[in-house]
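Worksheet for the structure shown next.
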Amino acid sequence: MNIEFLHSFVTVAEAGSMAQAARRLDITPAAVAARLHALEAELGTPLIQRAGRSVRVTEAGLKILERARGLLRDLRDLRAIAHDSNLPGELRLGVFSSALTSVLPPVLRRLYQRHPELSVFVSPGSSVDLCRRVAAGELDAAIVVEPQFVVAKNCEWHALTEEPLVVVAPAALAGSDAHVLLAREPYIRYDRMSVGGQLADRYLRDHGIRPRQRLEIDSLAAIAALVDQGLGVALLPDWPPLWSGGLRIVRIPLPDRAPVRRIGIVLALQGPCVPLARSLLQEAQVVLDRL
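Taking the UniProt record's numbering, the leading residue of the sequence shown gets 1, the next gets one more, and so forth.
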């Protein structure tokens, strides 16, 4: 069995579409489809059911999916063990969306300075899902927002930085009362599926504030751009990139003790990439201290 065919199947199952899987694998959608056809022919059963641009894993595909992931993990570990035990060949790293453009680049820059030959596979996703994938052995580490649950026993959580919630408002409203703005101005809500959005929602409820919601979206950068256009105010984590883009927005502190979003790293405690994951943690601590 060709391992590339198996890798393509797992990637399609996780991505949910041929096109997205092709981007992750850096091949054409036609090549992904050809690999799947070959694997299905070898196993004698359909693994993926196509529905327009999306795909669905068949019952047979679901039966082998976890075993396929395990085989790929075992193969990766074998390759890592064959290299210097202090420097495995590839680090599989999860990163939540906001950190892709803020935390990840400077951390990787320092990590590559220390390990120039390192290969890193980056998988974006939600913090909750990334924690699950580290616990399942699919990822070696993940940069995430602190989970609202105890991490699995085979993982470690390390906090890196804290971001208190602040009101983000158009520059013309500088000096205004935070609670008055939240109650009076149109409100751009940070998606309540995110940890930061849940913290903001809880703060509003605890203080009896019923905002005039205009829209809800899961992107700090997009919310800042909307505030810049005068479309409303928002209650967001004090994310450093908000203030470096030249937008006409201001930070207004909350009058009471502000809830805090914590960003850190979840590390797997087992596997050949543990030393490299700890090296990543060290570099991230330096970067976040400077930020």
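A virtual CB, placed ideally from N, CA and C, is assigned to each residue, including glycine.
Quick caveat, the model's predicted, so the values are computed rather than measured.
Legend entry - Option in Pro46, Leu62 and Glu163 with minimal Cα separation from serine 98: Here residue 98 refers to the residue found at position 98 when the sequence shown is read from its first residue. Comparing Cα-Cα distances from serine 98 to each of Pro46, Leu62 and Glu163, the minimum goes to Glu163.
Legend entry - Opening and closing residue of the alpha helix (DSSP H) in which serine 279 lies: Position 279 of the sequence shown, counting from 1, holds the residue named residue 279. In the DSSP annotation of this structure, the continuous segment of the alpha helix (DSSP H) that includes serine 279 starts and ends at 274 to 290.
Legend entry - CA-to-CA distance, glutamate 66 to leucine 36, given in whole angstroms: Translated into positions along the sequence shown, residue 36 becomes position 36. Translated into positions along the sequence shown, residue 66 becomes position 66. Between leucine 36 and glutamate 66, the C-alpha separation is close to 17 Å.
Inset, instruction - Please name the residue, chosen from Val287, Thr45, Leu173 and Ser127, that lies closest to glutamine 229 on a Cα-to-Cα basis. - result: Mapped onto the sequence shown, residue 229 falls at position 229. When each option's Cα is compared against that of glutamine 229, the closest is Leu173.
Legend entry - Continuous alpha helix (DSSP H) stretch holding serine 194: start and end: One-based indexing of the sequence shown puts residue 194 at position 194. Run containing serine 194: none; DSSP gives neither H nor E here.
Inset, instruction - Look up serine 244 in the DSSP assignment and say whether it is helix, strand or coil. - result: As a working note, residue 244 is residue 244 in the sequence shown. DSSP places serine 244 in coil when its eight states are reduced to three.
Inset, instruction - Report the rounded CA-to-CA distance for threonine 11 versus leucine 165, giving the unit in angstroms. - result: Position 11 of the sequence shown holds residue 11. Position 165 of the sequence shown holds residue 165. Between the alpha carbons of threonine 11 and leucine 165 lies a gap of roughly 36 Å.
Legend entry - Three or more C-beta pairs below 8 Å linking the region 256 to 267 and the region 126 to 146: Short answer: they touch.
Inset, instruction - Can you tell me which of Leu254, Ala22 and Leu43 puts its alpha carbon nearest to the alpha carbon of residue 292? - result: This structure cannot speak to residue 292, because the chain is shown only from 1 to 291.
Inset, instruction - Could you say which of Leu104, Glu117, His158 and Gly94 lies nearest to arginine 133 if we only look at CA atoms? - result: One-based indexing of the sequence shown puts residue 133 at position 133. Of the listed residues, the one whose Cα sits closest to arginine 133 is Gly94.
Legend entry - Closest residue to isoleucine 188 among Val227, His7 and Pro241 (Cα-Cα distance): Against the sequence shown, residue 188 aligns to sequence position 188. With distances taken between Cα atoms, isoleucine 188 lies closest to Val227.
Legend entry - alpha helix (DSSP H) segment containing glutamine 49, residue limits: Taking the sequence shown and counting its residues from 1, the one referred to as residue 49 is at position 49. Counting along the chain, glutamine 49 falls outside any alpha helix (DSSP H), though it belongs to the beta strand (DSSP E) covering 48 to 51.
Legend entry - Segments assigned alpha helix (DSSP H), at least 4 residues, entirely inside the region 113 to 172: The qualifying runs are 127 to 135.
Inset, instruction - Output the distance between the C-alpha atoms of isoleucine 27 and serine 126, rounded to the nearest integer angstrom. - result: Taking the first residue of the sequence shown as position 1, residue 27 is located at position 27. Taking the first residue of the sequence shown as position 1, residue 126 is located at position 126. Looking at the backbone, the Cα of isoleucine 27 and that of serine 126 are separated by about 25 Å.
Legend entry - One or two residues paired with leucine 269 in a DSSP bridge: Counting from 1 along the sequence shown, the entry for residue 269 is found at position 269. Under DSSP, leucine 269 forms no beta bridge with any residue.
Inset, instruction - Ignore the nearest five residues each way along the sequence and tell me which others in leucine 100's own chain have a CB closer than 7 Å to its CB. - result: Start at 1 with the first residue of the sequence shown, and residue 100 comes out as number 100. Around leucine 100: Pro124.
Inset, instruction - Pull up the distance between the alpha-carbon of methionine 1 and that of leucine 280, whole angstroms please. - result: On the sequence shown, residue 1 is found 1 positions in, with the first residue counted as 1. On the sequence shown, residue 280 is found 280 positions in, with the first residue counted as 1. Approximately 34 Å, taken between the alpha carbons.
Legend entry - Residue burial classification, glutamate 117 (beta-carbon count within 10 angstroms, cutoff 16): In the sequence shown, residue 117 corresponds to position 117, counting from 1. Exposed, by the Cβ-count rule.
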